[in-house]
Structures are given as C-alpha cells and as structure tokens.
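Comments concern the structure below.
Numbering (this note's numbering), first residue to last: 1 to 300.
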C-alpha cells in the first residue's frame with residue numbers, strides 16, 4: 001500500500017537552526033499523536049515513512065529529520081562536542097512544544113531513534129503516553145559484541161575484507177562497501193534490492209555523513225564514534241510509560257542487545273518478528289502496523 005501524503009509540512013525553529021517535519025493526519029484527532037524518531041544517527045526520516053499508515057487509525061503521525069540530515073539544518077563544520085544525545089533531546093522537546101503536543105503524545109524510535117526515545121523516557125515526561133523501542137540496543141557495548149559475533153558468521157573472505165580495510169582506514173573503498181552489503185542483506189534489510197525509501201535515507205546519509213560518522217562510525221558494525229560506549233541500562237527502571245519492544249529474528253539488534261529493556265522497564269512487552277532483520281516495519285509491514293497500532297490504542 002502507498003505511503004500516505006502528508007497533511008502538513010513545516011520547519012520548527014530550533015536555536016539558530018530549523019527542524020523539518022511532516023504531519024500525516026490531524027494533530028487534534030481523538031488519539032494521541034505518534035512521533036517517529038529515525039535512526040542513524042543521521043539516517044533521515046524516509047525509510048520510516050511506512051509508519052505514516054498508522055495515521056489511518058484516527059491518529060496523527062509526525063515524522064521529522066533530526067538536525068544535520070535531510071531537510072533540517074546541516075552543520076558539517078561542527079565537531080564531536082556538538083553532536084550529543086543532549087542536543088537531540090533538546091530538539092525533540094522543541095518540536096513537541098512547537099507542534100503543541102507536549103502534553104499528550106506517543107514515541108516510536110527505530111534503531112538510534114529508540115536509543116534517543118529511551119533517553120527521553122527515563123526523564124519521565126508527563127505527556128508521554130506510550131513508548132515503542134524498535135530494533136534498538138540498550139548498550140553499545142552489547143551492540144559491538146553482537147556485531148562482532150554476526151560478522152564472524154559471514155563468509156570468510158567478506159569478514160577478511162572488512163577487517164583489512166578497517167585496519168587500513170580505507171572504509172570508503174568499493175571493496176569494503178561491497179562487503180558491507182553482505183552484512184546489511186542479512187541483518188539490516190532482507191528485502192533486496194532495498195525499497196526506494198531505504199535507498200533515499202542511505203543517499204541522504206552519504207550526502208552528508210557528518211552526524212553518522214561522528215556519533216556512530218563508517219558502518220553499522222564498525223562503531224568508533226562518540227556513541228561507542230553509550231548505555232541507558234542503569235536508568236531504564238525510571239521509565240514509567242508503557243513500552244513495546246520490537247525486533248527482528250535476524251536483527252543486528254539481537255535479543256541480547258534488547259534484553260536490558262525487557263529486564264528493567266517496569267511495564268514492557270516484546271514482539272520479535274520472525275521474518276525480519278532490522279526493519280520489521282518494512283519486512284513485515286502489515287503485522288508491524290497491526291502490533292504497534294494495537295499497542296498504541298491500549299495506551300491512549
């Protein structure tokens with residue numbers, strides 16, 4: 001089914017910059033609006049657009065591009081001290097206030113977006129009615145360990161290519177990028193070739209990789225950026241919002257990386273999508289929309 005057209009689009013002033021957003025549906029509809037936090041960091045909103053179909057359930061859905069990517073302000077000259085979790089938390093708070101929904105909303109965060117959503121939720125914002133953490137690790141130490149395990153299961157020549165280029169600092173080489181695609185086809189999106197909206201997000205990251213390279217690194221599995229040692233595990237007991245965990249059976253966010261959310265968030269449930277990797281919202285779209293829609297309805 002086609003991705004719904006936005007009802008409105010706009011720019012929210014944020015400090016000296018702006019955050020681009022689009023709204024599908026009516027923000028004043030009966031159900032609390034859903035705000036979508038994309039991954040990366042620096043991946044742009046495009047690949048999450050199928051979630052806009054949740055607006056067909058009498059609920060507005062808000063997508064936005066986080067600072068530094070897509071249609072929001074780009075700041076390629078800024079260094080690692082600028083691109084912080086705190087910056088993106090402030091941007092989210094600013095957007096909620098700009099849209100007038102800070103008193104009643106849901107969040108769904110995918111990958112890095114789920115990490116950001118968890119950081120937001122541990123602060124116990126009064127307006128947060130429900131939280132969906134999709135394909136996200138609670139700890140980047142666990143993520144790195146699990147990525148190493150998944151890499152070890154790749155064909156030997158692929159893993160050798162990855163290691164050699166990472167050691168040489170030549171991760172932009174065509175050989176490295178070809179080997180990366182082998183991992184991604186197993187653990188990021190198993191629909192190959194990737195759908196257009198996934199390719200669109202990839203293109204925007206490649207166009208300006210500032211945020212992705214600074215906070216993450218050159219690839220999903222070679223994490224050498226400022227998030228390398230990030231963890232929210234010791235604060236998850238502070239989450240008061242009802243929480244749905246989503247992950248794929250073949251996800252790079254393996255069960256071990258997700259488990260701390262299940263162990264420490266008081267009101268939590270977990271759905272593993274058996275035929276998906278990192279993008280169940282695409283790989284098992286109809287079931288994903290059904291599961292998430294039902295959860296949101298239960299928390300309104």
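Glycine is no exception: its CB is placed at the ideal position from the N, C-alpha and C atoms. All values derive from a computational prediction rather than experimental measurement.
- Using a Cβ distance threshold of 7 angstroms, residue 204 and residue 68 do not count as a contacting pair.
- Contact check between the segment 19 to 37 and the segment 180 to 190: fewer than three CB pairs, one atom from each, fall below 8 angstroms, which does not count as touching.
- Here residue 291 is not near residue 138, since their CB atoms are 7 angstroms or more apart.
- Sequence-distant partners of residue 143 (beyond 5 residues in either direction) whose C-beta falls short of 6 angstroms from its own C-beta, in its chain, are 137 and 257.
- For residue 107 against residue 54, the beta-carbon gap comes to about 13 angstroms, at or over 8 angstroms, which does not count as contact.
- For residue 102, the secondary structure class from DSSP, reduced to helix, strand or coil, is coil.
- A residue is called buried once 16 or more other Cβ atoms fall within 10 Å of its Cβ, and residue 192, having fewer, is exposed.
- Residue 209 and residue 298 have their C-alpha atoms roughly 38 angstroms apart.
- Apart from the 5 residues on each side of it in sequence, residue 287 sits with its Cβ closer than 8 angstroms to the Cβ of 273 and 280 in its chain, given in chain order.
- Sequence-distant Cβ neighbours of residue 247 in its own chain, meaning closer than 6 angstroms and more than five residues away, are 135, 253, 258 and 272.
- About 33 angstroms separates the beta carbon of residue 239 from that of residue 153, a gap too long to meet the 8 angstroms contact definition.
- For residue 95, same chain residues with a beta-carbon under 7 angstroms away, outside a window of 5 residues either side, are 12, 19, 21 and 64 in chain order.
- Collapsing the DSSP output to three states places residue 112 in a helix.
- Beta bridge pairing from DSSP links residue 8 with 23.
- Contact between the segment 262 to 269 and the segment 159 to 174 is absent: fewer than 3 CB-CB pairs across the two stretches fall below 8 angstroms.
- A straight-line Cα-Cα distance of about 43 angstroms links residue 266 and residue 161.
- Residues 6, 7, 8, 60 and 62 of the same chain have their beta carbon placed closer than 7 angstroms to that of residue 23, with the five preceding and five following residues left out of the count.
- For residue 13, the pairing in a beta bridge is given by DSSP as 18.
- Around the beta carbon of residue 163, fewer than 16 other beta carbons lie within 10 angstroms, which makes this residue exposed.
- For residue 50 and residue 56, the gap between their C-alpha atoms comes out near 11 angstroms.
- Taking C-beta atoms as the reference points, residue 283 and residue 276 count as a pair closer than 7 angstroms.
- Contact between residue 26 and residue 141 does not hold, since the beta-carbon distance rounds to 42 angstroms and is not under 8 angstroms.
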